[in-house]
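Numbering of the sequence shown is given in the numbering used here, commencing with residue 74 and proceeding in unit increments. We treat Cβ as the ideally placed atom computed from N, Cα and C, and that holds for glycine. For reference, the structure discussed in these notes is given below.
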Amino acid sequence: MRYWQLGLLGYPLEHSLSPRLHTAALQALGWQGEYRLYPVPPGDDRALQQWVDRLRVGHVHGLNVTIPHKTTVATRVEVLTPAARAVGAVNTLFRTASGQVAGDNTDVAGFWRDARARLPLEEPRHWRGLVLGAGGAARAVAYALARAGMPVWVVARRWAQATALARDLAPHVTAPLRPARWEALGDLVRAVGPRWLIVNATPVGMAPRSEASPWPAGLPWPASAAVYDLVYHPRPTRFVQQARAAGLPAVDGLGMLVEQAVLAFVRWTGALEAQVRSAMRAAVGLD
Ligand code: NAP
74 MRYWQLGLLG
84 YPLEHSLSPR
94 LHTAALQALG
104 WQGEYRLYPV
114 PPGDDRALQQ
124 WVDRLRVGHV
134 HGLNVTIPHK
144 TTVATRVEVL
154 TPAARAVGAV
164 NTLFRTASGQ
174 VAGDNTDVAG
184 FWRDARARLP
194 LEEPRHWRGL
204 VLGAGGAARA
214 VAYALARAGM
224 PVWVVARRWA
234 QATALARDLA
244 PHVTAPLRPA
254 RWEALGDLVR
264 AVGPRWLIVN
274 ATPVGMAPRS
284 EASPWPAGLP
294 WPASAAVYDL
304 VYHPRPTRFV
314 QQARAAGLPA
324 VDGLGMLVEQ
334 AVLAFVRWTG
344 ALEAQVRSAM
354 RAAVGLD
């Protein structure tokens with residue numbers, strides 16, 4: 074029986090929940106293996122390349138990648154999935170049937186699956202996406218929404234970052250993707266039109282600075298909106314609390330964390346998705 078060697082490349086890694094999720098899946102399946110943290114300091118491209126090579130020769134069977142290597146590693150693999158190519162970042166490395174190393178971005182489908190499961194987003198074309206932040210996670214979210222047909226506005230404090238996101242993703246989606254300024258948020262959400270899906274893709278509100286919220290103080294919430302916060306520590310976040318107090322459906326990002334891990338684990342092992350999902354959700358206290 075195979076001993077599954079799985080793990081996570083990044084730096085720093087101490088607070089990652091990934092070992093808990095993947096170990097729970099291995100145990101639920103009764104499989105031998107481990108999911109280990111492999112710290113790779115920023116700029117250590119040689120170590121990154123060595124891990125890619127270990128995956129190619131089968132010394133490890135699956136790797137996740139996190140900050141600060143998600144973008145660099147996309148240039149080190151032979152194949153990129155459409156999601157990884159569009160977003161320009163990889164969070165999952167796997168070996169293809171022909172022995173090539175491939176990069177995927179399971180944050181894209183992980184976010185969209187969880188958001189659709191927990192918020193009333195049938196008919197995405199009838200919603201407008203408002204993504205706060207324009208970093209790596211915002212790229213994954215904006216791509217997921219625009220690919221589903223939702224027009225998206227991306228709001229960042231650095232205009233250049235928001236415009237770069239819109240420019241880079243535009244060739245990969247059909248729905249419009251536009252940059253916007255924080256100062257214009259009020260005018261934007263007051264605009265008459267369909268419902269808003271407001272997504273926090275900044276770290277604002279994350280412990281220990283959990284009193285903070287990305288939603289500008291004093292700005293009324295749109296009457297018709299749903300809210301998704303990628304932050305999940307603490308639970309609920311201030312942003313989620315504020316939205317719920319305004320009567321809006323609002324969820325945090327723990328479900329996304331689980332879904333992106335489910336997709337990676339299934340990609341590596343071929344395990345049944347439902348069994349993996351229920352083990353991982355239970356491991357972090359969901360359901
Ligand atoms: P990132 O690449 O560093 O991007 C962060 C973005 O937030 C940047 O646009 C940054 O702008 C902006 N930002 C930071 N502080 C801000 C502030 N005070 N006000 C306004 N904008 C601010 O980080 P990331 O990888 O995209 O991750 C973003 C968050 O999502 C993190 O909290 C991460 O843990 C979370 N996340 C969750 C999941 C999940 O599964 N739930 C998955 C991925 C990420 P500047 O560049 O100007 O600072």
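Proximity below 7 Å, CB of residue i to CB of residue j
{"i": "residue 182", "j": "residue 336", "result": "yes"}
{"i": "residue 165", "j": "residue 137", "result": "yes"}
{"i": "residue 212", "j": "residue 246", "result": "no"}
{"i": "residue 304", "j": "residue 278", "result": "yes"}
{"i": "residue 222", "j": "residue 198", "result": "yes"}
{"i": "residue 134", "j": "residue 77", "result": "yes"}
{"i": "residue 46", "j": "residue 205", "result": "Past the boundaries of the shown model lies residue 46; the chain is included only from 74 to 360, so the question cannot be answered."}
{"i": "residue 339", "j": "residue 332", "result": "no"}
{"i": "residue 235", "j": "residue 269", "result": "no"}
{"i": "residue 167", "j": "residue 341", "result": "yes"}
{"i": "residue 261", "j": "residue 253", "result": "yes"}
{"i": "residue 119", "j": "residue 356", "result": "no"}
{"i": "residue 227", "j": "residue 238", "result": "yes"}
{"i": "residue 264", "j": "residue 98", "result": "no"}
{"i": "residue 174", "j": "residue 127", "result": "no"}
{"i": "residue 323", "j": "residue 294", "result": "no"}
Neighbour flag for residue i against chain D, beta carbons, 7 Å
{"i": "residue 219", "result": "In summary, chain D is missing from the structure at hand, where a single protein chain is found."}
Residues that DSSP places opposite residue i in a beta bridge
{"i": "residue 228", "result": "205 and 253"}
{"i": "residue 77", "result": "106"}
{"i": "residue 83", "result": "112"}
{"i": "residue 135", "result": "79"}
{"i": "residue 200", "result": "268"}
For residue j and residue i, believed in contact at Cβ under 8 Å, the rounded distance
{"i": "residue 201", "j": "residue 259", "result": "About 15 Å separates the two Cβ atoms, so there is no contact after all."}
{"i": "residue 156", "j": "residue 216", "result": "7 Å"}
{"i": "residue 95", "j": "residue 111", "result": "Actually they are not in contact, since the Cβ atoms of residue 95 and residue 111 sit about 13 Å apart, beyond 8 Å."}
{"i": "residue 113", "j": "residue 83", "result": "7 Å"}
{"i": "residue 309", "j": "residue 280", "result": "Actually they do not touch by this definition, with Cβ atoms about 12 Å apart."}
{"i": "residue 144", "j": "residue 121", "result": "The pair is not a contact, with the Cβ atoms about 11 Å apart (cut-off 8 Å)."}
{"i": "residue 214", "j": "residue 300", "result": "Contact doesn't hold; Cβ gap of about 13 Å is too wide."}
{"i": "residue 116", "j": "residue 147", "result": "So it is not a contact: roughly 16 Å between Cβ atoms."}
Secondary structure of residue i, DSSP reduced to three states
{"i": "residue 96", "result": "helix"}
{"i": "residue 241", "result": "helix"}
{"i": "residue 126", "result": "helix"}
{"i": "residue 118", "result": "helix"}
{"i": "residue 353", "result": "helix"}
{"i": "residue 91", "result": "helix"}
{"i": "residue 223", "result": "coil"}
{"i": "residue 213", "result": "helix"}
{"i": "residue 342", "result": "helix"}
{"i": "residue 359", "result": "coil"}
{"i": "residue 248", "result": "coil"}
Practice item. For the segment 137 to 198, list the alpha helix (DSSP H) runs that are entirely contained and at least 4 residues long, ordered along the chain. Key: Listed in chain order, they are 155 to 160 and 179 to 191.
Practice item. Taking only runs that begin and end inside the segment 251 to 327, name each unbroken alpha helix (DSSP H) of 4 or more residues, in chain order. Key: 258 to 263 and 311 to 318
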